[in-house]
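Asks: Residue numbers (the working numbering): 30 to 704.
All residues carry an ideal CB built from backbone N, CA and C; glycine is no exception.
Predicted model, so just to flag it, every value in this text is computed and none were measured.
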Ligand SMILES: [Zn+2]
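(1) In the DSSP assignment, the alpha helix (DSSP H) including residue 613 goes from what residue to what residue?
(2) What three-state label does DSSP hand residue 183 in the structure shown?
(3) Would you say residue 78 reaches chain B, if we count a Cβ-Cβ gap shorter than 8 Å as a contact?
(4) So, for residue 396: in the same chain, excluding its five sequence neighbours on each side, which residues have a beta-carbon less than 8 Å away from its beta-carbon?
(5) Are there 16 or more other CB atoms within 10 angstroms of the CB of residue 698, so buried, or fewer, so exposed?
(6) Just curious, the beta strand (DSSP E) that residue 522 is in, first and last residue?
(7) Straight-line CA distance for residue 569 to residue 550?
(8) Note down the Cα distance separating residue 84 from residue 327, rounded to an integer number of angstroms.
(9) Does the beta carbon of residue 221 fall short of 7 Å from some heavy atom of ligand 2?
(10) Please report the straight-line C-alpha distance between residue 693 and residue 386, rounded to a whole angstrom.
(11) Is there at least one non-hydrogen atom of ligand 1 closer than 7 Å to the beta-carbon of residue 604?
(12) May I ask whether a heavy atom of ligand 1 can be found less than 7 Å away from the beta carbon of residue 601?
(13) When the Cβ atoms of the stretch 281-298 are set against those of the stretch 308-323, are three or more pairs found closer than 8 Å?
(14) Tell whether a beta-carbon distance below 8 Å holds between residue 278 and residue 307.
(15) Pick out whichever of 519, 621, 164 and 578 has its Cα sitting closest to the Cα of residue 640.
(16) So which of 86, 89, 93 and 87 has the shortest CA-CA distance to residue 78?
(17) Can you tell me whether residue 67 is buried or exposed, with buried defined as 16 or more other CB within 10 angstroms of its CB?
(18) Under the criterion of a Cβ to heavy atom distance below 7 Å, does residue 354 qualify as lining ligand 1?
(19) Is there contact here, the stretch 296-305 with the stretch 240-247, by at least three beta-carbon pairs under 8 Å?
(20) Considering only their Cβ atoms, is the gap separating residue 653 from residue 363 smaller than 8 Å?
(21) How would you label residue 499, buried or exposed, when you count the other beta carbons within 10 angstroms and need 16 or more for buried?
(22) Nearest CA to the CA of residue 218: which residue from 660, 686 and 453?
(23) Given this structure, state the Cα-to-Cα distance separating residue 230 from residue 63, to the nearest angstrom.
(24) By Cβ distance, which residues of its chain are closer than 7 Å to residue 686, with the 5 residues on each side in sequence left out?
(25) If distances are taken between C-alpha atoms only, which option among 238, 615, 358 and 528 comes closest to residue 637?
(26) Does the count of Cβ pairs from the stretch 544-564 and the stretch 619-634 closer than 8 Å reach three?
(27) Would you mind reading off the limits of the alpha helix (DSSP H) that contains residue 573?
(28) Scan the stretch 345-412 and note each continuous alpha helix (DSSP H) run of 4 residues or more that stays entirely inside, going in chain order.
(29) What is the DSSP secondary structure of residue 131, reduced to helix, strand or coil?
(30) When you compare only the Cα positions, how much space is there between residue 530 and residue 613?
(31) Could you round the C-beta distance between residue 606 and residue 548 to whole angstroms and report it? I think they count as a contact, below 8 Å.
(32) Please classify residue 470: is it buried, with 16 or more other beta-carbons within 10 angstroms of its beta-carbon, or exposed?
(33) Compute the Euclidean distance between the alpha carbons of residue 76 and residue 53, then round it to the nearest angstrom.
(34) Can you give the Cα-Cα distance for residue 370 and residue 502, rounded to whole angstroms?
(35) Taking the alpha carbon of residue 585 as the reference point, which residue from 649, 668 and 373 has its own alpha carbon closest?
(36) Are the Cβ atoms of residue 582 and residue 462 separated by less than 8 Å?
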């Protein structure tokens, strides 16, 4: 809901595992396609047979290492939820009772079917009764106070220039499609999506009781309003610039900036008293949106709010709504053929609403303490490794290097699970209604969030749950975080050799640390404040260095005619390239005194390092999903994460004997090298 991506620069957006493959060697030659030359397409060379033998299951838009681990994760969480849901003795108010009743209510499809759209009835009636702009404003307050966010978001966030303090932040929103460009672009795919979105809205309105004629008209009306919102929205590229999105003001300043809304009433309504510091993420959006409140006819707002309510609740309602919602957001946008079985979706929902409660059970059952110990060692080695890389840079002055190393030294590390768990005692979950439970959980979340504003940052908090297969760097906290679930093969092998671990989890660790020094992260100092600590010449050199990477990715072709967006993905690509260089340096240190060219399963250490990296990113992906991600995702596609990285690294050339004339050979002077 509150765009976690703003603080977290995650390594991937899916989940991952190696189901039933525990006995499989860490690097398995049977997954490779050696008919492809390593110098022509290393991604295919390393993964060709795996890709061929693992078609995408109907319920996935993408299927690769992350998703295989995600399946394993479902199996583990299923055992936890099966136990919890059968626990008749859990007394009211305990975490076990809440998990049990939340999951069971979600699985009670008989009741959900019977209820149809009735859970929304009171709010829909209220919207139908809109008469004036004041009614519209009242509805914004009411929805935001309950954790649903038509038009824009408001959430807690560290002050970008005073990272110990939590302040309120507004952020653009209000769109039913995942990006402004879908409303405004004239390319074939965007037009297709707009046409399908109109049909989808009309179908949903019919399900909610409108005549087909009225439904079609209403869909057009929503599209018109959302298109106006899209026009005042920032692009994804603009959203990546921290300075542009930092505009601190106070209540009076906001009232002046966006006079169309009564902000005092708004803050009172959402029970926020600390309004002396507010970061307006996108001023153009907030003032334009507030103006629209008064210029768009109330009848249009009626339809807009009606749509927002139905759309945001669709997956929680009876199957006619749920299925039509999936047909658009799953099938049209991502190409997914089939909805996941309900038990998986209810695991996701329970895990989303009671994240750390489920996480606590998950960690107790599935996270071995030795994994944490091994990770601490790896992180420490890789910190030293990045320090050495910084010391050795030829393009950076000693003064900036000194600051960079201080920042590196200060990076905080979190592994596995939080020391302090979220207290869910103020959340009431019952057996009556799945929708009501969802609403309570949402309310609990928003109350917690609003309560943080105006207080010091709680540095013990986590931005992901332990059962999440992912990792992140937070620029405001200057910290790297590795949830328990990513500490499994093919990322982390408790017993495998160093080369395999450094190529996978070692690269993940280094990737996250490098985020502190990517084009965004470098703008924050060691305390997590947006503050320039670079000498001007060093910044210039950095930009020239990153330009090489931007150009390489801009030229990286996907699906014949589409290209990666080098600027949108720059932060991730810097982190991938730096991550690999730092991890490789770490491997060399770990192998000191050992026979570097000794082979395991036929591969040298260097070869295993690069093969291990390549298998983390193996994935088959549907064309629709590829197109969607190229527009929306700051991460490059898996094949680019391999092929656009390894040919920049000298050790790769020796490991696989890559020669001039090989398709992806890059002459040394043209290779990208930043950290
Ligand atoms: Zn990342």
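Replies: Once the coordinates are examined:
(1) Numbered from its first residue, the chain shown carries residue 613 at position 584. 599-619 is the extent of the alpha helix (DSSP H) around residue 613.
(2) Residue mapping note: residue 183 aligns to position 154 of the chain shown, counting from 1. Note: residue 183 maps to strand in three-state DSSP.
(3) Here there is only one protein chain, and chain B is not present.
(4) Residue mapping note: residue 396 aligns to position 367 of the chain shown, counting from 1. 445, 446, 495, 513 and 516.
(5) Within the chain shown, residue 698 is the residue found at index 669, counting from 1. Exposure of residue 698 is indicated by the presence of fewer than 16 other C-beta atoms within 10 angstroms of its C-beta.
(6) What you label residue 522 is simply residue 493 of the chain shown in a count that begins at 1. Here residue 522 belongs to no beta strand (DSSP E), and DSSP marks it neither H nor E.
(7) What you label residue 569 is simply residue 540 of the chain shown in a count that begins at 1. What you label residue 550 is simply residue 521 of the chain shown in a count that begins at 1. The alpha-carbon atoms of residue 569 and residue 550 are separated by roughly 16 Å.
(8) Within the chain shown, residue 84 is the residue found at index 55, counting from 1. Within the chain shown, residue 327 is the residue found at index 298, counting from 1. Just so you know, the alpha carbons of residue 84 and residue 327 end up roughly 49 Å apart.
(9) Of the ligands this structure carries, namely ligand 1, none is ligand 2.
(10) In the chain shown, the residue the question calls residue 693 occupies position 664. In the chain shown, the residue the question calls residue 386 occupies position 357. The C-alpha of residue 693 lies about 48 Å from the C-alpha of residue 386.
(11) What you label residue 604 is simply residue 575 of the chain shown in a count that begins at 1. Because some heavy atom of ligand 1 lies under 7 Å away, the Cβ of residue 604 counts as near it: yes.
(12) Sequence index remark: in the chain shown, residue 601 carries index 572 (1-based). Yes, the Cβ of residue 601 comes within 7 Å of a heavy atom of ligand 1.
(13) yes
(14) As a first step, residue 278 is located in the chain shown; it is residue number 249 there, counting from the start. As a first step, residue 307 is located in the chain shown; it is residue number 278 there, counting from the start. Yes, these two residues count as a Cβ contact at 8 Å.
(15) Translated into positions along the chain shown, residue 640 becomes position 611. Per the Cα distances, 519.
(16) In the chain shown, counting from the first residue as 1, residue 78 sits at position 49. Nearest of 86, 89, 93 and 87 to residue 78, Cα basis: 93.
(17) Taking the chain shown and counting its residues from 1, one reaches residue 67 at position 38. Classification of residue 67: buried, given that the 10 Å Cβ count is 16 or more.
(18) Residue numbering aside, residue 354 sits at position 325 when the chain shown is read from its first letter. Every heavy atom of ligand 1 is 7 Å or more from the Cβ of residue 354, so no.
(19) no
(20) Numbered from its first residue, the chain shown carries residue 363 at position 334. Numbered from its first residue, the chain shown carries residue 653 at position 624. Taking 8 Å as the Cβ cut-off, residue 363 and residue 653 qualify as a contacting pair.
(21) Taking the first residue of the chain shown as 1, we reach residue 499 at position 470. That one is buried.
(22) What you label residue 218 is simply residue 189 of the chain shown in a count that begins at 1. Of the listed residues, the one whose Cα sits closest to residue 218 is 660.
(23) Here residue 230 corresponds to residue number 201 of the chain shown, with the count starting at 1. Here residue 63 corresponds to residue number 34 of the chain shown, with the count starting at 1. Straight-line Cα distance between these residues: approximately 49 Å.
(24) The sequence position of residue 686 within the chain shown is 657, counting from 1. Excluding sequence neighbours, residue 686 sits near nothing in its chain.
(25) Locating residue 637 in the chain shown gives position 608, counting from the first residue. The shortest Cα separation from residue 637 among 238, 615, 358 and 528 belongs to 528.
(26) no
(27) Position 544 of the chain shown, counting from 1, holds the residue named residue 573. Where residue 573 is concerned, the enclosing alpha helix (DSSP H) stretches over 565-583.
(28) 348-355, 371-382 and 384-395
(29) Your numbering for residue 131 matches position 102 in the chain shown. Note: residue 131 maps to helix in three-state DSSP.
(30) By 1-based counting over the chain shown, the position of residue 530 is 501. By 1-based counting over the chain shown, the position of residue 613 is 584. Cα-Cα distance, rounded: 11 Å.
(31) Within the chain shown, numbered from 1, the residue matching residue 606 stands at position 577. Within the chain shown, numbered from 1, the residue matching residue 548 stands at position 519. Actually they do not touch by this definition, with Cβ atoms about 12 Å apart.
(32) Counted from its first residue, the chain shown places residue 470 at position 441. Classification of residue 470: buried, given that the 10 Å Cβ count is 16 or more.
(33) Residue 76 sits at position 47 when you count from the first residue of the chain shown. Residue 53 sits at position 24 when you count from the first residue of the chain shown. Answer to the nearest angstrom: the Cα atoms are 15 Å apart.
(34) As a position in the chain shown, residue 370 is number 341, starting the count at 1. As a position in the chain shown, residue 502 is number 473, starting the count at 1. In a straight line, the C-alpha of residue 370 is about 32 Å away from that of residue 502.
(35) Indexing the chain shown from 1 puts residue 585 at position 556. Relative to residue 585, the option among 649, 668 and 373 whose CA is nearest is 668.
(36) The sequence position of residue 582 within the chain shown is 553, counting from 1. The sequence position of residue 462 within the chain shown is 433, counting from 1. Not in contact: residue 582 and residue 462 (Cβ atoms no closer than 8 Å).
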